[in-house]
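Student: I am attaching a structure below and will ask some questions about it afterwards.
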Ligand SMILES: [Zn+2]
Ligand SMILES: [Zn+2]
């Protein structure tokens, strides 16, 4: 069984292998990698502190001290992340009193638009990583039901699975210069677990750092063997070995021997790993919308309805798209331990 979905229509922007394989004499600046909207989203969410600040904003935090009381974060780190997220256009500053120069931080439209991605990650975390069914219960106001949102096709509204999606080059397809390895340092995974209990944190902890995201992405594009991952990602062998074994430990991949002499293994997505497809597709949709300048590098085709689609998070009860304004939640933990309850709504009031 090969849960990875092979591109049937057309391979997405593969880089020419012959002259781009990783050799020790390659200059980093010569290396190219796939242009991809997922990577830009991952660049934001794979920083644990940035992710935690966005999450607290969804819980209603706006002021410096509100962020600080919900997270055990130093002033310097919080100042840095608030500045970076403002530069990224995820948060915006607004003064909260005429008489003082103090500012509060509000989610921008693009920040609020990360909500469906958080929902997809949360559902993944609830399904696979939390025996208690998750620390939050979501109530969809449109239908007044307890909702377990799912990632669906924008054309036929059916739930999408990895096997039913093929990838085509979009108008923005191509390759970009690879970042140097040095910038992609691995963080300790438990950074994500600070503050309140969160299935989104659990999901990000399992996925790990930026390299791990990209390894999982390549698995969805059909990579299974070491050299396939390496050829696409231009990743150093020791880093790839580390990330693959970590993802096996975390239950995302299972390792299968495909050759005995010399011994060779391939890495196949487990059912849990395959279920990351929804969150990864939502990250791609966000990157396409907010970072690709209207030219998505890749188009998704749903084989069930035969149409090019945008992944959308919908309510599993009424089928309507989920918006942050129409979601309430009930906590299954004591919010006072984590900076208190600011709101029972995902985004209190409009920006
Ligand atoms: Zn469809
Ligand atoms: Zn609903």
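In our numbering, the protein residues as written are 7 to 357. From the three backbone atoms N, C-alpha and C, an ideal C-beta is built for every residue, glycine too.
1) Hey, could you find the ends of the beta strand (DSSP E) residue 175 is sitting in?
2) Hey, is residue 323 close to ligand 2, as in C-beta under 6 Å from one of its heavy atoms?
3) Is the closest heavy atom of ligand 2 to the C-beta of residue 283 under 6 Å?
4) Output needed for residue 254: all residues of its chain with C-beta closer than 6 Å, excluding positions within five of it in sequence on either side, in chain order.
5) Going by beta carbon distance, what residues of the same chain come within less than 7 Å of residue 297, once the five residues before and after it are set aside?
6) From residue 234 to residue 223, what does the alpha carbon distance come to, in whole angstroms?
7) How about residue 295: is its Cβ closer than 6 Å to a heavy atom in ligand 1?
8) Would you check whether ligand 2 has a heavy atom nearer than 6 Å to the C-beta of residue 4?
9) Taking all protein chains shown into account, do 16 or more other C-beta atoms lie within 10 angstroms of the C-beta of residue 343, making it buried, or fewer, making it exposed?
10) For residue 250, which residues in the same chain have their Cβ closer than 6 Å to its Cβ, ignoring the five residues on either side in sequence?
11) When burial is assigned at 16 or more other CB atoms within 10 Å of the CB, is residue 340 buried or exposed?
12) Rounding to the nearest angstrom, what Cα-Cα distance links residue 122 and residue 159 in this structure?
13) Whose C-beta lies closer than 6 Å to the C-beta of residue 177 among residues of the same chain, with five residues either side of it excluded?
14) Going by beta-carbon coordinates alone, are residue 319 and residue 157 separated by less than 7 Å?
15) Within 8 Å, do at least three Cβ pairs link the stretch 83-102 to the stretch 275-289?
16) Tell me, please, which residues DSSP counts as bridged to residue 71.
Tutor: For this structure:
1) Note, residue 175: beta strand (DSSP E), 171-175.
2) Correct: residue 323 has its Cβ closer than 6 Å to ligand 2.
3) Look at residue 283: its beta carbon is at least 6 Å from all of the heavy atoms in ligand 2.
4) For residue 254, where only same-chain residues beyond five positions count, the Cβ hits under 6 Å are 261.
5) Contacts found: 43, 46.
6) Approximately 12 Å, taken between the alpha carbons.
7) Every heavy atom of ligand 1 is 6 Å or more from the Cβ of residue 295, so no.
8) Here the chain has residues from 7 to 357 only, and residue 4 is not among them.
9) Counting Cβ neighbours within 10 Å, residue 343 comes out exposed, since fewer than 16 surround it.
10) Closer than 6 Å at Cβ, skipping near neighbours: 273.
11) Label assigned to residue 340: exposed.
12) Cα-Cα distance, rounded: 14 Å.
13) Around residue 177: 301.
14) In this structure, residue 157 lies closer than 7 Å to residue 319 by Cβ.
15) No, the stretch 275-289 does not touch the stretch 83-102.
16) Partner(s): none; residue 71 has no beta bridge.
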